[in-house]
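Everything in the sequence shown is counted per our numbering, starting at 19 for the first residue and increasing by one.
All C-beta atoms in this analysis are idealised placements derived from N, C-alpha and C, irrespective of residue type, glycine included.
Note sheet for the following structure.
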Amino acid sequence: MKRIIVWLSVLCLAACMLTGCGKDDSTGDETTKKSNTTDENKDTEEEKDAADQKENGKDSVLTEENMEEVLSGKHHVEIVIKDQGTIKAELDADQAPVTVTNFINLAQEGFYDGLTFHRIIDGFMMQGGDPLGNGTGGAGNDIKGEFSSNGVENTISHVRGTLSMARASEPDSGSSQFFIVQQDSTYLDGEYAAFGTVTEGMEIVDSICENAEVTDQNGTVKSGTQPVIETIRVID
């Protein structure tokens, strides 16, 4: 059964109203929910559907205890986006060891090569890393959600330039999808596994977000125009 991905509903709904985000998102996928017009009852039903439709047949959740090797310290990657340029980022494995290890392993395996950013909301974030390109796919394993509401101390805040893992309604449901925060979204802190920071290339993020051809208020990017990840290079 395909995993239906949902965004954080009531919390982010309230946060957006307070911050005046001006985005109307009636549905979502494996990242956050951001809306000032969405009906709360509809959000609740969508989240329930997402939980009910979580993909079966996955291996056990990856944790520090069952991974062969878990990284520590700072690591650096380059996200090469076709016709756009290279976004450089520093990943913090001391804050999110499972998340960083999983991300680097996938990058080294070439998993991200040719995948896209399928959801983009200008003034919020750009999300990618789904092999299906529609928000329902993953890498075959879920990982431990490294954020405070899931019992893991992680002090990285969702400010501009932060890399964070997308997930479904279950806390340990992240896999391969990630997002880059374009505008401070600290209301996500404690609910999503932030794991790195862009060090160079935020102008590329801005350009992509500003020029994305979206088909709805949820930020779904028009098929054939989704920015393509040529590769993610692991520097160290």
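With residue i as the anchor, note down where its alpha helix (DSSP H) starts and where it stops.
i: F121; result: P115 to Q126
May I ask you to list the residues that DSSP assigns as paired with residue i?
i: F135; result: G146
i: T249; result: V98
i: A107; result: V95 and V216
i: L80; result: I161
Could you compute how far the alpha carbon of residue i sits from the alpha carbon of residue j?
i: S191; j: K162; result: 7 Å
i: T56; j: N159; result: Reliability fails at T56, whose pLDDT of 28 lies under 50, so the model's placement of it is uncertain and the value that follows must be treated cautiously. Spanning the two alpha carbons is a distance of roughly 31 Å.
i: S166; j: L109; result: 18 Å
i: A211; j: V98; result: 22 Å
i: G46; j: T81; result: Since pLDDT at G46 reaches only 35, below the 50 mark, its modelled position is unreliable, and no value is offered.
i: D148; j: L181; result: 15 Å
i: T134; j: G153; result: 10 Å
i: N168; j: K240; result: 34 Å
i: G91; j: Q126; result: 18 Å
i: T117; j: N172; result: 11 Å
i: E248; j: E188; result: 30 Å
i: F142; j: F129; result: 25 Å
i: D299; j: C227; result: Here the chain comprises residues numbered 19 to 254, so residue 299 is not present and cannot be evaluated.
i: V95; j: T217; result: 10 Å
i: S225; j: Q200; result: 10 Å
i: A230; j: A107; result: 22 Å
i: D101; j: I222; result: 10 Å
i: F196; j: A184; result: 5 Å
i: D140; j: N84; result: 38 Å
i: N236; j: G151; result: 15 Å
i: I250; j: T119; result: 14 Å
i: D131; j: I105; result: 15 Å
Let me make sure I understand the geometry here. Which of the options has the alpha-carbon closest to that of residue i?
i: I138; options: V88, V246 and S187; result: V246
i: H176; options: E83, T154, D202 and M85; result: D202
i: V232; options: G214, T243 and G146; result: T243
i: A186; options: S78, G156, G141 and V98; result: G156
i: G179; options: M220, A114 and N229; result: M220
i: V88; options: K106, V199, Q200 and N123; result: N123
i: S194; options: G146, G132, V95 and G237; result: G146
i: A111; options: T104, I105, F213 and L206; result: F213
i: V79; options: G208, G103, T104 and E164; result: E164
Inset, instruction - Please specify which runs of the beta strand (DSSP E), each continuous and at least 3 residues long, are wholly inside the region 174-246, giving them in chain order. - result: 180-183, 196-199 and 212-218
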